[in-house]
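Under my numbering, the letters of the sequence shown match residues 700 to 816, in that order. Yeah, the Cβ is synthetic: ideal placement off N, Cα and C, and Gly gets one too. Values in this document were obtained by computation on a predicted structure and should not be read as measured data. The structure appears right after this line, and notes come after that.
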Amino acid sequence: AASEDSAARPGCCGKAAQFEFTALAISRNFSASPHVDRNDVCPQYALSLGDFDAREGHGALCVEESPFQVRVLRTKNRLVSIDGRFPHWVAGYDGSKERYSVIWYRSLPPVEAVVQA
């Protein structure tokens with residue numbers, strides 16, 4: 700089952716201001732199959748920008764919270780927080796339009812426990 704999250708993780712933006720990241724990934728028109736970010740040591744922050752059509756979850760960030768639950772996060776012009784150590788991917792979108800993503804993450808200790816996607 701898929702659930703669409705109209706809001707980011709509770710307290711996301713307030714925590715983001717204090718987040719000490721060690722790496723930044725910027726991509727253009729990125730599309731990938733489900734993957735896990737093996738270098739992450741804690742949840743990450745994500746934002747997407749561009750003229751792609753984000754209606755109906757296109758270009759959204761999908762996170763597998765459990766074998767039977769996928770959360771769909773709309774990231775266009777929105778900051779969200781996920782734990783990249785859970786399987787995640789970008790939902791399909793019209794590739795003729797621009798989609799940029801910015802990911803702030805930490806790959807150096809301290810390592811935080813994996814708790815919530």
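May I have the straight-line CA-CA distance separating residue i from residue j, to the nearest angstrom?
i      : j      : result
Tyr792 : Ser806 : 29 Å
Cys761 : Thr721 : 23 Å
Gln736 : Gly783 : A small correction: the amino acid at residue 736 is Asp; Gln does not occupy that position in the sequence shown. Approximately 5 Å between the Cα atoms of the pair.
Phe751 : Lys796 : 5 Å
Asp739 : Glu811 : 9 Å
Gly749 : Arg798 : 5 Å
Val813 : Gly794 : 33 Å
Please tell me whether residue i and residue j are closer than 8 Å, where the distance is taken between their beta carbons.
i      : j      : result
Trp803 : Phe729 : no
Val801 : Ile725 : yes
Ser747 : Lys775 : yes
Around the C-beta of residue i, are 16 or more other C-beta atoms found within 10 angstroms, so that it is buried, or is it exposed?
i      : result
Ala753 : buried
Gln815 : exposed
Pro766 : exposed
Gln768 : exposed
Pop quiz: residue i and residue j are said to be a contact at Cβ under 8 Å. What is the actual Cβ separation, rounded to whole angstroms?
i      : j      : result
Pro808 : His734 : The pair is not a contact, with the Cβ atoms about 22 Å apart (cut-off 8 Å).
Ala790 : Gly758 : 6 Å
Ala745 : Ile781 : 7 Å
Glu764 : Arg770 : 5 Å
Could you pull the DSSP bridge partners for residue i from this structure?
i      : result
Val735 : Its beta-bridge partners do not exist; DSSP assigns none.
Glu764 : Note: Glu764 sits in no beta bridge, so no partner.
Gln743 : Ile781
Val810 : BP columns for Val810 are empty, so no partner.
Ala722 : Tyr804
Arg727 : Tyr799
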